[in-house]
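Engineer: Each number in the working numbering corresponds to the 1-based position in the sequence shown with 1 added.
Ideal Cβ placement from N, Cα and C applies to all residues, glycine included.
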Amino acid sequence: MKKLLKVAVNDFRLVFRDNSLKFFILLPLMNLLVLRYGLPSVLGIFPVLGDYVPYIVMLITVQGAVGFGFIYSMVLVDEKDTYVAKVYGVLPISQFWFVNFRLTAPFLLATLATFLLLLADPFHKISIPANLFYSALTGLITPQMVLFVAIMAKNKIEAMTWQKLFNLPVTLPILAFFVPAKLGFLFAVLPTHWAFQGFNKLIAGEGFTLYFATGFIYSLILVGLFARRFSKVHFS
Numbered sequence: 002m003k004k005l006l007k008v009a010v011n012d013f014r015l016v017f018r019d020n021s022l023k024f025f026i027l028l029p030l031m032n033l034l035v036l037r038y039g040l041p042s043v044l045g046i047f048p049v050l051g052d053y054v055p056y057i058v059m060l061i062t063v064q065g066a067v068g069f070g071f072i073y074s075m076v077l078v079d080e081k082d083t084y085v086a087k088v089y090g091v092l093p094i095s096q097f098w099f100v101n102f103r104l105t106a107p108f109l110l111a112t113l114a115t116f117l118l119l120l121a122d123p124f125h126k127i128s129i130p131a132n133l134f135y136s137a138l139t140g141l142i143t144p145q146m147v148l149f150v151a152i153m154a155k156n157k158i159e160a161m162t163w164q165k166l167f168n169l170p171v172t173l174p175i176l177a178f179f180v181p182a183k184l185g186f187l188f189a190v191l192p193t194h195w196a197f198q199g200f201n202k203l204i205a206g207e208g209f210t211l212y213f214a215t216g217f218i219y220s221l222i223l224v225g226l227f228a229r230r231f232s233k234v235h236f237s
C-alpha cells in the first residue's frame with residue numbers, strides 16, 4: 002500500500018513539474034467562474050439562450066473530468082516514452098490493481114471539481130446526494146480517458162490527437178436532446194449519455210436514479226476493460 006501511495010503522490014508531483022500541465026489544474030476554477038458569473042451575464046444580453054442553459058451546464062460539468070484526464074494521460078504516456086513503465090512492470094504487485102490505484106487520484110479530483118461546480122450553479126438547486134452521485138459519474142470519464150489515450154498513443158504527439166478524438170464521444174450525447182426520441186437512444190452506447198439524461202431528469206424533478214446507476218455500472222465496466230488492456234501493453 003505504501004508503494005502504491007508513493008507512486009500516486011509522485012504522479013501528482015509530475016503535474017507541477019510540467020509547465021504545460023499546470024494550466025489544466027486551473028481549468029475547473031475557470032469553469033466555475035464561467036458558470037457562476039459568465040453565463041448569467043451572457044443571458045442578460047441574450048435571454049433567448051435561457052432555454053439552452055441545462056445543456057450548457059451539462060457540457061461544463063464534464064470539462065473538469067476531461068481536463069484531469071488530459072493531465073494524467075500525459076503522465077502515463079510520458080513514462081512510456083522514458084521507459085519508466087518498464088520499471089513499474091517489475092514491481093511485486095498486481096499490475097491491474099496498480100493501475101486502478103493510480104487512477105483513484107484523478108477520479109477524486111474530477112469528482113470534486115464537478116461537485117463544487119454544481120454547488121456554485123446559480124440556475125439549479127441540486128441536493129448534496131444527487132450532486133455527489135452525478136459528480137462521481139462524470140468523474141469516471143477521467144480514468145476512461147487516461148487509459149484509452151495511454152493505450153492508443155505511443156508518444157505525446159499521438160496522445161494529443163487521441164485526446165481530441167476522445168472528447169467527441171464525451172460531448173456528442175448532448176445531441177440526443179435535439180433529435181427525435183427514437184433516435185436519442187443511438188447515443189446510449191456512450192457513457193455520458195446516461196449522465197446527461199439523468200441530469201435532465203434530475204433538474205426536471207423526475208426519476209433519475211436508473212440513468213445514473215446504469216451509467217455508473219457501464220462506466221465501471223469500461224474502466225475495468227481498459228485497465229486490463231492497459232496493464233498488458235503498458236508495462237512490457
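If the criterion is Cβ atoms closer than 8 angstroms, does the pair Thr115 and Thr139 meet it?
Structural biologist: Sequence index remark: in the sequence shown, residue 115 carries index 114 (1-based). Sequence index remark: in the sequence shown, residue 139 carries index 138 (1-based). Yes, they are a contact pair.
Engineer: Between the Cα of Gln164 and the Cα atoms of Ala189, Ala66, Ser220, which residue gives the shortest distance?
Structural biologist: What you label residue 164 is simply residue 163 of the sequence shown in a count that begins at 1. Out of Ala189, Ala66, Ser220, Ala66 has the C-alpha closest to the C-alpha of Gln164.
Engineer: How many angstroms separate the CA atom of Ala137 from the CA atom of Ser220?
Structural biologist: Numbered from its first residue, the sequence shown carries residue 137 at position 136. Numbered from its first residue, the sequence shown carries residue 220 at position 219. When rounded, the distance between both Cα atoms is 11 angstroms.
Engineer: Taking 8 angstroms as the cut-off, decide whether the C-beta atoms of Val43 and Ile61 are in contact.
Structural biologist: By one-based count along the sequence shown, residue 43 stands at place 42. By one-based count along the sequence shown, residue 61 stands at place 60. Going by C-beta atoms, Val43 is not nearer than 8 angstroms to Ile61.
Engineer: If you scan the region 154–231 from start to end, which runs of the alpha helix (DSSP H) of 4 or more residues do you find wholly inside it?
Structural biologist: List check, alpha helix (DSSP H) in window: 157–172, 182–185, 192–204.
Engineer: Taking the alpha helix (DSSP H) that Pro55 falls in, what are its first and last residues?
Structural biologist: Position 54 of the sequence shown holds residue 55. Start and end: 54–62.
Engineer: Since Val100 and Phe209 are thought to touch, with beta carbons under 8 angstroms apart, how far apart are those beta carbons, to the nearest angstrom?
Structural biologist: Position 99 of the sequence shown, counted from the first residue, corresponds to residue 100. Position 208 of the sequence shown, counted from the first residue, corresponds to residue 209. Between Phe209 and Val100 the Cβ distance is about 31 angstroms, and since that is not below 8 angstroms, they are no contact.
Engineer: Just to confirm, are Leu1 and Leu173 a CB contact at a threshold of 8 angstroms?
Structural biologist: Given a span of 2 to 237 for the chain in the structure shown, any question on residue 1 remains unanswerable.
Engineer: What are the boundary residues of the alpha helix (DSSP H) that Ile129 is part of?
Structural biologist: On the sequence shown, residue 129 is found 128 positions in, with the first residue counted as 1. Element bounds for Ile129: 129–140.
Engineer: Alpha carbon to alpha carbon, what distance is there between Phe69 and Ile158?
Structural biologist: Mapped onto the sequence shown, residue 158 falls at position 157. Mapped onto the sequence shown, residue 69 falls at position 68. Roughly 18 angstroms between the two C-alpha positions.
Engineer: Can you give me the C-alpha to C-alpha distance between Ile142 and Phe108, rounded to a whole angstrom?
Structural biologist: For the purposes of this step, residue 142 is taken as the residue at position 141 of the sequence shown. For the purposes of this step, residue 108 is taken as the residue at position 107 of the sequence shown. Near 8 angstroms, if we compare the C-alpha coordinates of Phe108 and Ile142.
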